[in-house]
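Engineer: In the UniProt record's numbering, the protein residues as written are 1 to 300.
Just so it is clear, CB atoms sit at the ideal spot from N, CA and C, and this is done for glycine as well.
Bear in mind the structure is a predicted one, so any value in this text is a computation, not a measurement.
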Ligand SMILES: [Zn+2]
């Protein structure tokens, strides 16, 4: 799994002393008035969707303006690996704010992906987003893409949002296990530390900014070996500090358990009656035919 360290400081992109892959959100870059930083590390662009949708119930940036900005970042900042869509997460606060349904958010997410890709033209950096609030909802979303002519099993990468913030760890496992069983190559957006420890083998890549909250909550975290340092503007905690972030990253990556030799996963209903747990050495690859619903109708 490749890990992108989430940061609110776009200046880290050009800092040799940070030197690890980063995840930066669009609103941070959009706020820069002068020259953009030139990236010395690979990075990914988050659309800032979680805040936009949960706080405003919409995106302030029109799709066409977002595409224009991403093109500029790709040219001027450089080293951009890929960019997130302006997708619609399905956590209860997001649904409450927008007043729309899970299905509505899923349609909007696909619409946005198609629009961004179309506006960009060949070589689009936009990764198709999957959203949902349960295993079946996520599988339905895969099928909704297929009905629009997009076979996600052939996509080099698919981003998975809401799932990583689900309360129930076993439901996260069911969702990621089912998606992995289709052979989807996934990026986990905003994954918490516990989620990373449990589910990293399902993910091709992930990002997290959990270190910042952690730093704020435990100003003197005895578990993280942070070298002696000071903060430039007299900041009292390490909540926006690269020294802490790098120490956290190192410790978190070292704490990931070895990939299990057997992955137990819940598979979609197509395998038999309702849920079935199969044990395989590798996530099984399902021969998925676009347009054929693969989720279990009964539990939806
Ligand atoms: Zn610090």
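Here's the rule: buried if 16 or more other CB atoms are within 10 angstroms of the residue's CB, otherwise exposed. What is residue 228?
Structural biologist: Here residue 228 refers to the residue found at position 228 when the chain shown is read from its first residue. It counts as exposed.
Engineer: Any chance the CB of residue 241 is under 7 Å from a heavy atom of ligand 1?
Structural biologist: Numbered from 1 along the chain shown, position 241 holds the residue referred to as residue 241. Yes - ligand 1 has a heavy atom lying nearer than 7 Å to the Cβ of residue 241.
Engineer: Between residue 231 and ligand 1, is the CB less than 7 Å from at least one heavy atom?
Structural biologist: As a first step, residue 231 is located in the chain shown; it is residue number 231 there, counting from the start. Yes, the beta carbon of residue 231 sits closer than 7 Å to at least one heavy atom of ligand 1.
Engineer: Report, in whole angstroms, the separation of the C-beta atoms of residue 142 and residue 182, which I expect to be a contact under 8 Å.
Structural biologist: The residue labelled residue 142 in the question sits at position 142 within the chain shown. The residue labelled residue 182 in the question sits at position 182 within the chain shown. The Cβ separation is near 7 Å, so the contact holds.
Engineer: Cα separation between residue 101 and residue 111?
Structural biologist: For this step, residue 101 is matched to residue 101 along the chain shown. For this step, residue 111 is matched to residue 111 along the chain shown. Spanning the two alpha carbons is a distance of roughly 15 Å.
Engineer: Let me check one thing: in DSSP terms, what residues is residue 206 bridge-paired to?
Structural biologist: The sequence position of residue 206 within the chain shown is 206, counting from 1. Residue 206 is bridged to 3 and 188.
Engineer: Quick one: what does DSSP say residue 143 is sitting in, helix, strand or coil?
Structural biologist: Counting from one through the chain shown, the residue named residue 143 turns up at place 143. Residue 143 falls in the helix class under three-state DSSP.
Engineer: Could you give the first and the last residue of the continuous alpha helix (DSSP H) run that contains residue 196?
Structural biologist: Counting from 1 along the chain shown, the entry for residue 196 is found at position 196. Element bounds for residue 196: 193-199.
Engineer: Which first and last residues belong to the alpha helix (DSSP H) in which residue 44 is found?
Structural biologist: Within the chain shown, the letter at position 44 stands for residue 44. From DSSP, residue 44 is part of no alpha helix (DSSP H) but of the beta strand (DSSP E) over 43-46.
Engineer: Can you name, in chain order, every residue of its own chain whose Cβ lies under 8 Å from the Cβ of residue 97, other than the five neighbours on each side?
Structural biologist: Taking the first residue of the chain shown as position 1, residue 97 is located at position 97. Excluding positions up to five away in sequence, the list reads 53, 54, 55, 56 and 57.
Engineer: Can you list, in chain order, the residues of its chain whose CB lies under 8 Å from that of residue 68, leaving out five sequence neighbours each side?
Structural biologist: Taking the first residue of the chain shown as position 1, residue 68 is located at position 68. So no residue of the chain qualifies.
Engineer: In the DSSP assignment, find the beta strand (DSSP E) that holds residue 62 and state where it starts and stops.
Structural biologist: Here the question's residue 62 lines up with position 62 in the chain shown. Element bounds for residue 62: n/a, residue is neither H nor E.
Engineer: Below 7 Å CB to CB, which residues in the same chain sit around residue 12 once its five sequence neighbours on both sides are set aside?
Structural biologist: Against the chain shown, residue 12 aligns to sequence position 12. Once the five neighbours on either side are set aside, the close Cβ partners of residue 12 are 18, 22 and 242.
Engineer: My assumption, with CB atoms under 8 Å, is that residue 170 sits in contact with residue 132. Please give the rounded CB distance.
Structural biologist: One-based indexing of the chain shown puts residue 170 at position 170. One-based indexing of the chain shown puts residue 132 at position 132. Going by Cβ atoms, the distance from residue 170 to residue 132 rounds to 16 Å, so no, they are not a contact pair.
Engineer: Can you look up residue 251 in the DSSP assignment and give me helix, strand or coil?
Structural biologist: Position 251 of the chain shown, counting from 1, holds the residue named residue 251. Note: residue 251 maps to helix in three-state DSSP.
Engineer: Hey, could you find the ends of the alpha helix (DSSP H) residue 120 is sitting in?
Structural biologist: Mapped onto the chain shown, residue 120 falls at position 120. In this chain, the alpha helix (DSSP H) harbouring residue 120 covers 102-120.
Engineer: To the nearest angstrom, report how far apart residue 116 and residue 225 are at their CA atoms.
Structural biologist: Locating residue 116 in the chain shown gives position 116, counting from the first residue. Locating residue 225 in the chain shown gives position 225, counting from the first residue. About 43 Å.
Engineer: Using a beta-carbon distance below 8 Å, is residue 136 in contact with chain B?
Structural biologist: The chain inventory of the structure shown lacks chain B, comprising one protein chain alone.
Engineer: State the DSSP-derived secondary structure class of residue 217, mapped to helix, strand or coil.
Structural biologist: The residue labelled residue 217 in the question sits at position 217 within the chain shown. Residue 217 sits in a helix when the DSSP states are folded into three classes.
Engineer: Roughly how far, in whole angstroms, is the beta-carbon of residue 196 from the beta-carbon of residue 256, given that I think they are within contact range, below 8 Å?
Structural biologist: Residue mapping note: residue 196 aligns to position 196 of the chain shown, counting from 1. Residue mapping note: residue 256 aligns to position 256 of the chain shown, counting from 1. Contact holds; Cβ gap of about 7 Å.
Engineer: Going by DSSP in three states, residue 301 sits in which element: helix, strand or coil?
Structural biologist: Nothing can be reported for residue 301: it is not among the residues displayed for the chain, which extend from 1 to 300.
Engineer: Confirm the yes/no value for this check: CB of residue 238, any heavy atom of ligand 1, distance under 7 Å.
Structural biologist: Position 238 of the chain shown holds residue 238. For residue 238, the distance from the CB to the nearest heavy atom of ligand 1 is below 7 Å.
Engineer: What residue ranges within the stretch 155-185 form continuous alpha helix (DSSP H) runs of no fewer than 4 residues, ordered along the chain?
Structural biologist: 169-181
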